[in-house]
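J.: Residue numbers (my numbering): 431 to 638. For every residue, glycine included, the Cβ atom is placed at its ideal position computed from N, Cα and C.
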């Protein structure tokens with residue numbers, strides 16, 4: 431029989447006592463809150479006042495054998511009932527206040543977390559707006575675009591003009607000269623040969 435690893439061990443059974451206890455406390459808390467909320471209404475005060483008045487009237491003017499609380503001893507039963515009601519009402523009201531404080535504390539925590547998230551979102555949006563503003567400032571404005579378009583149109587016009595001049599056909603020269611003008615011999619453009627000088631013999635006299 432080998433030892434099993436902790437991971438392979440069978441999971442321990444979950445105790446449902448805590449969950450049942452928690453649900454029972456929640457149910458009891460809701461019940462006490464309902465009672466405390468009911469005791470804080472005008473209808474409860476009116477009903478308690480009518481109950482006390484009926485108790486006093488019955489035990490004062492009812493037949494002697496039908497009375498269950500004597501006025502001679504100060505209505506002891508009524509006093510005990512009201513003391514018991516007050517002794518139970520005070521803890522119920524405190525329990526309801528504690529539960530309300532817990533809810534308020536949870537609500538405040540949630541509100542603070544929500545406010546922190548809203549603040550973080552607001553700061554993020556502010557940074558994004560600033561970055562977008564910087565990006566828009568770096569973009570060219572309308573005047574710059576107009577200047578660039580005008581320069582581009584000027585360059586395109588010059589290229590079209592240059593292309594038209596290059597594509598224009600050359601006119602051949604005419605063979606006949608215009609009337610009234612004699613054709614002239616073309617002047618040589620290259621270097622011309624020099625004629626050698628003529629030498630005269632020494633015995634030859636110049637002829638007159």
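I'd like to check one pair, residue 525 with residue 462: are the Cβ atoms closer than 7 Å?
T.: For residue 462 and residue 525, yes; Cβs fall inside 7 Å.
J.: Alpha carbons only, please: which of 594, 589, 529 and 522 is nearest the one belonging to residue 470?
T.: Taking only the C-alpha atoms, the option nearest residue 470 is 522.
J.: Relative to the C-alpha of residue 508, which residue among 495, 520, 494 and 490 is closest?
T.: For residue 508, the nearest C-alpha among the options comes from 490.
J.: Short of 7 Å in beta carbon distance, which residues of its chain neighbour residue 465, apart from the five on each side in sequence? Order them along the chain.
T.: Within the same chain, residue 465 has close Cβ partners 522.
J.: Measure the alpha-carbon distance for residue 531 versus residue 541 and round it to whole angstroms.
T.: Cα to Cα, the separation comes out at about 15 Å.
J.: From the DSSP output, in three-state form, read off residue 500 for me.
T.: Of the three classes helix, strand and coil, the one that applies to residue 500 here is coil, per DSSP.
J.: Could you check the C-alpha separation between residue 613 and residue 596 for me, to the nearest Å?
T.: Bear in mind that a pLDDT of 48 at residue 613, under 50, signals an unreliable position, so the number given afterwards is only what the model happens to contain. When rounded, the distance between both Cα atoms is 32 Å.
J.: Straight-line CA distance for residue 606 to residue 594?
T.: Residue placement at residue 606 cannot be trusted, given a pLDDT of 49 that sits under 50; the coordinates are not used to answer.
J.: I need the straight-line Cα distance from residue 534 to residue 504, nearest angstrom please.
T.: So the alpha carbons of these two residues sit roughly 45 Å apart.
J.: Would you tell me roughly how many angstroms separate the C-alpha atoms of residue 583 and residue 590, rounded to the nearest one?
T.: In a straight line, the C-alpha of residue 583 is about 10 Å away from that of residue 590.
J.: Looking at the unbroken alpha helix (DSSP H) that takes in residue 472, where does it start and where does it end?
T.: Segment 472 to 491, the alpha helix (DSSP H) holding residue 472.
J.: Using the Cα positions of residue 598 and residue 580, report the straight-line distance between them to the nearest angstrom.
T.: One C-alpha to the other measures close to 27 Å.
J.: Rounded to the nearest angstrom, what separates residue 515 and residue 457 at their Cα positions?
T.: Their Cα atoms are separated by approximately 21 Å.
J.: If you draw a straight line from the C-alpha of residue 486 to the C-alpha of residue 477, how long is it?
T.: If you take the alpha carbons of residue 486 and residue 477, they lie about 14 Å apart.
J.: So what does DSSP say about residue 597, is it helix, strand or coil?
T.: If DSSP states are grouped into helix, strand and coil, residue 597 belongs with coil.
J.: Mapping the DSSP letters down to three states, classify residue 521 as helix, strand or coil.
T.: Helix at residue 521.
J.: With DSSP as the reference, label residue 562 as helix, strand or coil.
T.: The answer is helix: DSSP assigns residue 562 an H, G or I state.
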